[in-house]
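Below: one structure, written as structure tokens.
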Amino acid sequence: MHDLAIRTEDLTKSFGEIRALAGLDLEVARGEIFGLVGPDGAGKTTTMRLLSGLLRPDAGRAEVAGLDVVERTEDVRRLLGYLPQTFAMLHELTVAENIEYFADLYCIPRGQFAQRSDELLSATGLTEFTGRRADALSGGMGQKLALICSLIHRPQVLLLDEPTRGVDPVSRRDLWRIVYGLPAEDVTVLISTPYADEAERCNRLGVLVDGILQTVGTPQDLVARQTSRPIELQATEQRLARNALEKLGGVETVAVVGQALRITVRRDGPGPEEVLKALDGAGVEATEAHWAQPRLADALLAIAERCGKDG
Amino acid sequence: MRRPATLRRMLAVARAEWRHNYRDARSLAIVIALPVFLLLIYGYGINLDLRDLPFAVQDLDRTEQSADFVNRLVRSGYFTLARAIQDTREIDSVIEVGAVRFVLVIPHGFGGDLASGRPAQVQVVLDGGDSATASVALGYLQALVGDHSIHLARRWAMRHGLPASAVEPALRVVPRVLYNPELRSVNFIVPGLIAVILTLLAALLTSGCIVREREGGSFEALAASPIAPIEIVLGKLLPYAVISFVDIVLCMVVGRLLFGVAPMGDKALLLGLSLIYLIASLSIGLLVSSLARSHQVATLIAFLATVLPSLLVSGFAFPVRSMPVALQAIAQIIPATHFLIIIRAIYLKGAGVSAFAPRVAALAAMALALVLLTVRTFRKRLE
Ligand SMILES: Nc1ncnc2c1ncn2[C@@H]1O[C@H](COP(=O)(O)OP(=O)(O)OP(=O)(O)O)[C@@H](O)[C@H]1O
Ligand SMILES: [Mg+2]
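Read top to bottom, the protein sequences are chains A and B. The first sequence begins at 628 in the working numbering and counts up by one. The second sequence begins at 385 in the working numbering and counts up by one.
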């Protein structure tokens, strides 16, 4: 079998004036969990839809398991699992009926079906809810059902489009536990997520902003490539402090993290002491400024900010 | 290997669609209540039979003969004497306010003319605003007047010692009404109504079924699966064919129980041919549904494409032959036109296939073409 689960070359898609995806070159190795991260409107969903043949590329090409997605769309679809961003279960059908529906669409042999279904139900903790209608499920349970349905036919490549958006932390953990186990079953995963803490769990990441792939690498690579360093501090008036910090020279990003403010500063930018001094000068009260451990979230934010300034 | 897979995916879509209808209270109401409701409303509402039509009399003659004539009209049961008019100026106003549908003016000397054997005249002022009723009323009136004059002539002959046959008119029209001998308009209306109701249902049922999935998000997962367009189309058609087939049976039963109208011909033949018509109509709804951007737009377009022509150009309300040539041509490409002819022929004439074979062929060709068109234009994509 092919070593590259997904390969795109100059993949391009526009909607009228909007450039949703501009020349994407992406390679995802077999057995990888590859994360697609980026802000709203970055082109993540567009990428997934191009790979599943739901959209036609304007230019470039894409392959899944070595098969061209335009020329061999239906063959690709047979070995692809896809969990769309919008809830795609049939509302009036129960959990069990939805699973059966997808098993039929992919023509899973009856003998394999029951075992596979039970296995996935117990892995997601949905066994007790098989009789419940899909529209009566909580957000987390709904996404678990969607995950079951996308896995029922043992796909080689799984596309997960923000599967944890709006899902409670416990369900998120459950969903990830299943995703983690997939490479062992020889399933390659392409997952998009808006959360940095989830991106950290991927083998590799691609950062997409405004339809352009900014950078690719392991989470550690991305952190290591950061040229700016983080500082955390406390401020009583967070909003005022943010405004003041955003205007400060050498400061790259400003974010609120719980009770604290977290900023990143360039190598030639101010240190903790200088930041406090500058805030004091602007009449904003702040304390406890200190260097912090670099994190993936800083790196992702910095990339998005840099693109925002360029555009 | 391929055939069982095709069947399985098609049935999966059909089962899901069936469950959707069966669990969605609104869909269920449309399926069962709507046809019965429409048949009741329109069956009772559209009644072309003439009964108790109000009229007024201005009797300037005031003789035994004039009273006798008015009596005869009232006794017929078609007309009710609503008022007597004294002043000629009243004539226009009673018609204008709709109090009566016509005014009978009996001139001076009516009785004298009759008594002396001279031809007498009466004047009728009709409300032409409702021309259909006016012409039917005039027809009845003329028939009654003809009857009455023969009756008078016989009396005159007898009084003068002549045999009654001496006054029999040389030529007399004896109407023999074919196919609907009681001349009850429900006999004619009910079959047409069943056709129109089925058309409406078909449009309502299928026009939503794909665009609904697009709006709801489930289309994305369906389209990303390896199902073929023909499997989706046939899978969506199947449950609605069953549902609307139940509806035609329901309509026939209601027509029988409430209006006493039953097909004179072969019921099984009618049901079989209805199925062909239903597939054509359901496909139009499905085609619209797969191309439309929103549920509302789909329902509206399906309605305009099926129900409107079936009401206006199919021959349901106006005979196709009396329409402009362009409309007649359009009527030929509308499935409802052909089905209407078939259902009326089976209901009213008890006709068999040989009486309308070309219509059956046209209907079957249209059904097949529409299914194929829906499959060919179906895109498993989001743009
Ligand atoms: N069908 C469409 N018609 C018009 N514009 C579209 C369509 N789909 C996407 N877009 C536009 O293309 C761009 C990329 O959208 P896309 O949905 O791929 O982004 P995304 O990264 O998935 O964002 P999000 O996090 O909001 O899901 C956006 O500007 C979006 O508005
Ligand atoms: Mg998206």
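Just so it is clear, CB atoms sit at the ideal spot from N, CA and C, and this is done for glycine as well. Source: prediction; values computed, not measured.
Query: Check the C-beta distance from A/LEU849 over to A/LEU835 and give it rounded, since I have them as a contact under 8 Å.; Result: Not confirmed; about 13 Å, so no contact.
Query: Using a Cβ cut-off of 7 Å, pull out every chain B residue sitting near A/ALA715, in sequence order please.; Result: GLY601, SER602, GLU604 and ALA605
Query: In terms of residue numbering, what span does the alpha helix (DSSP H) encompassing B/SER450 cover?; Result: 448-459
Query: Straight-line CA distance for A/LYS771 to A/LEU753?; Result: 8 Å
Query: Taking only the alpha-carbon atoms, compute the straight-line gap between B/ALA396 and B/ALA612 and give it to the nearest angstrom.; Result: 13 Å
Query: Name the residue from A/THR791, A/THR854 and A/LEU651 whose alpha carbon lies nearest to the alpha carbon of A/ASP925.; Result: A/THR854
Query: Considering Cα atoms alone, identify which of A/ILE858, A/ASP895 and A/ARG894 is closest to A/VAL883.; Result: A/ILE858
Query: Between A/GLU789 and the rest of its own chain, which residues show a CB-CB distance below 7 Å, the 5 nearest in sequence each way excluded?; Result: GLN712, SER819, THR820 and PRO821
Query: In chain A, what lies closer than 8 Å to B/ILE611 by C-beta?; Result: LEU732
Query: Give me the DSSP bridge partner(s) of A/PHE661.; Result: A/LEU817 and A/ARG831
Query: Taking the beta strand (DSSP E) that A/SER641 falls in, what are its first and last residues?; Result: 631-642
Query: Is there a Cβ of chain B sitting closer than 8 Å to that of A/SER679, yes or no?; Result: yes
Query: Output the distance between the C-alpha atoms of A/ALA632 and B/ILE668, rounded to the nearest integer angstrom.; Result: 41 Å
Query: Thinking just about the alpha-carbon of each residue, which of A/ILE660, A/ASP695 and A/ALA868 is nearest to the one in A/ARG634?; Result: A/ASP695
Query: Where do the N-terminal and C-terminal ends of the alpha helix (DSSP H) with A/ILE735 fall, by residue?; Result: Here A/ILE735 belongs to no alpha helix (DSSP H), and DSSP marks it neither H nor E.
Query: To the nearest angstrom, how far is the alpha carbon of A/LEU706 from that of A/GLN783?; Result: 5 Å
Query: Which runs of the beta strand (DSSP E) at least 3 residues long sit entirely within the stretch 684-713 of chain B? Give them in chain order.; Result: none
Query: Between B/LEU344 and the rest of its own chain, which residues show a CB-CB distance below 8 Å, the 5 nearest in sequence each way excluded?; Result: Lying before the first or after the last residue shown, residue 344 of chain B is absent from chain B, which here runs from 385 to 767.
Query: Helix, strand or coil: which one does DSSP assign to A/PRO857?; Result: strand
Query: Using DSSP's beta-bridge definition, name the partner residues of A/TRP918.; Result: A/ILE858
Query: In three-state DSSP terms, what is A/ARG688?; Result: strand
Query: Identify each residue in the stretch 782-803 of chain A for which the Cβ-Cβ distance to at least one residue of chain B is less than 8 Å, and report them in chain order.; Result: none
Query: Which class does A/ARG866 belong to by DSSP, given the choice of helix, strand or coil?; Result: helix
Query: Shortest alpha-carbon distance to B/ALA483 belongs to which of B/VAL617, B/ASP511, B/PHE643 and B/THR590?; Result: B/ASP511
Query: What I want to know is whether the C-beta of A/LYS955 ends up closer than 7 Å to one or more non-hydrogen atoms of ligand 1.; Result: Here chain A has residues from 628 to 938 only, and residue 955 of chain A is not among them.
Query: Report whether the distance from the Cβ of A/PHE642 to the nearest heavy atom of ligand 1 is below 7 Å.; Result: yes
Query: Check whether the Cβ atoms of B/ILE573 and B/VAL759 sit closer than 8 Å, and answer yes or no.; Result: no
Query: What is the rounded straight-line gap between the Cα of A/VAL911 and the Cα of A/THR880?; Result: 18 Å
Query: Going by beta carbon distance, what residues of the same chain come within less than 8 Å of B/GLY736, once the five residues before and after it are set aside?; Result: GLY649, ASP650 and LEU653
Query: Is the separation between the beta-carbon of B/THR464 and that of B/PRO438 shorter than 8 Å?; Result: yes
Query: Within a Cβ cutoff of 6 Å, which residues of the same chain sit near B/LEU555, ignoring the five residues on either side of it in sequence?; Result: The predicted model places B/LEU555 with a pLDDT of 45, which falls under 50 and marks its position as unreliable, so this point remains unresolved.
Query: Within this structure, are the beta carbons of A/ALA692 and A/LEU677 separated by less than 8 Å?; Result: no
Query: Would the C-beta of B/ASP650 count as close to ligand 2, meaning under 7 Å from any of its heavy atoms?; Result: no
Query: Taking the beta strand (DSSP E) that B/PRO623 falls in, what are its first and last residues?; Result: Looking at the DSSP string, B/PRO623 is not in any beta strand (DSSP E); the run it does join, the alpha helix (DSSP H), is 613-643.
Query: Taking its Cβ as the centre, do 16 or more other Cβ atoms sit within 10 Å of B/THR761, making it buried, or is it exposed?; Result: exposed
Query: Check the Cβ-Cβ distances between B/PRO559 and every residue of chain A, and say whether any is below 8 Å.; Result: The pLDDT assigned to B/PRO559 is 45, lower than 50, so where the model puts this residue is not dependable; a value taken from the coordinates is nonetheless given after this. Not closer than 8 Å to any Cβ of chain A, the Cβ of B/PRO559 fails to qualify, so no.
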